[in-house]
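So in my numbering the end of the sequence shown lands on 322, straight run, no missing numbers.
Positions of the beta carbon are idealized from the N, C-alpha and C atoms, including for glycine.
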Amino acid sequence: MAEVYKNCQSCGMPLKRDPKGGGSNADGSKSTMYCSYCFENGKFTQPNITAAEMQSFVKGKLKQMGFPGFIAGFFTKGIPSLKRWKQ
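Okay, structure coming up:
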């Protein structure tokens, strides 16, 4: 059985906050590892993005949502240690 994660292993978003409940695998099943913003139909939506670029992207999104910069930085600090970036 596949391991179930609390957070997307690409961007760090809590999977319970994903409006689709997670990304989708190639066979149409729900991904328990990645969110729908990062992973659809078994592929990454941004396949060439780096961990540093993902940090910057997510930090910008958090700021748009009204999070202060230092909080956005704190939330994105762990992105390089997520499963997608460790490979």
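Asked                                                                                                                                                    : Found
With DSSP as the reference, identify every bridge partner of residue 259, one or two as the case may be.                                                 : 265
Pairs of beta-carbons, one from the region 308-319 and one from the region 288-299, closer than 8 Å: are there three or more?                            : yes
Would a C-beta distance cut-off of 8 Å place residue 256 and residue 269 closer than the cut-off?                                                        : no
Counting only the same chain and skipping the five closest in sequence on each side, list residues whose C-beta sits under 6 Å from that of residue 242. : 249
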